[in-house]
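My numbering puts the sequence shown at residues 11 to 162.
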Amino acid sequence: MNEHLIGEVVSINPAKCRARIKFDDRDGIISEELAVVVKGSLKNKDYWMPRVGEAVLCSFAGKKGFILGAIYSDADPPPVSSEKKRYIEFEDGTAIEYDSATHTLTVECVGTINIKGNITVSEGDIVVDGISIKNHIHSAPGGNTSPPIGGG
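Pasting the structure below:
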């Protein structure tokens, strides 16, 4: 028999991607460690751990149980309310949002962004503090320089 229950995370085991859940509607029983379902675990890997105190939906098939995901509530509402947005927010305030209606990817990072590898901008421009990489000029003795000339 399959059963779905909502419970609260009471402890986590990040190394094994498992957590123990308390089910208030089952007299406060606490589960053994349940596996957290992820989007990939072989070649394309995904990882997330629910936090202690987070409400989660669990599924049981016989004695085997799994954590399917966290759920929002009135006390913990969704951070966005648009079907066109995909949003990820971290506890330090860093957030990544893609809006398919405006074709805009927004990254708000509280700390440093480290990129390992090459970056190619094939169209558009890069603007840093209001200064265009394509169209900026430098002051030089005797006059200003021209904007950068494309290379090949």
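From the three backbone atoms N, C-alpha and C, an ideal C-beta is built for every residue, glycine too. The structure presented is a predicted model; accordingly, all values stated were derived computationally and were not measured.
Q: Report the option in S149, D139, V46, N12 whose CA atom is closest to the CA atom of G72.
A: N12
**Q.** For R28, three-class secondary structure by DSSP
**A.** strand
Q | Range covered by the beta strand (DSSP E) that runs through D109 | A | 105-109
Q: Could you tell me whether the segment 74-87 touches the segment 37-46, using the rule of 3 or more Cβ pairs below 8 Å?
A: yes
Q: Return the chain-ordered list of same chain residues with a C-beta closer than 7 Å to the C-beta of E118, the five sequence neighbours on each side being excluded.
A: T104, A105
**Q.** Cβ shell of L108 (< 6 Å), same chain only, five flanking positions each side left out
**A.** At residue 108 the sequence reads Tyr, which differs from the Leu that was named. So the qualifying residues of the chain are R96, L115.
**Q.** Same chain, Cβ closer than 6 Å to S69, neighbours up to 5 away in sequence not counted
**A.** H14, F76, L78
Q) Are the segment 23-40 and the segment 59-66 in contact at 8 Å, needing three or more beta carbon pairs? A) yes
Q) How far does the beta strand (DSSP E) with H14 in it reach, from first residue to last? A) 12-23
Q | Residue(s) in a DSSP beta bridge with T116 | A | E107
Q.
Once the 5 residues before and after I98 are set aside, which same chain residues still bring their CB inside 6 Å of it?
A. I106
Q | Proximity winner among N128, K49, E18, relative to I40 (alpha-carbon distances) | A | E18
Q) How many Å lie between V20 and D34 at the Cα? A) 12 Å
(Q) Tell me the rounded alpha-carbon separation between A80 and N145. (A) 47 Å
Q. Measuring CB to CB, does I16 end up less than 8 Å from A65?
A. yes
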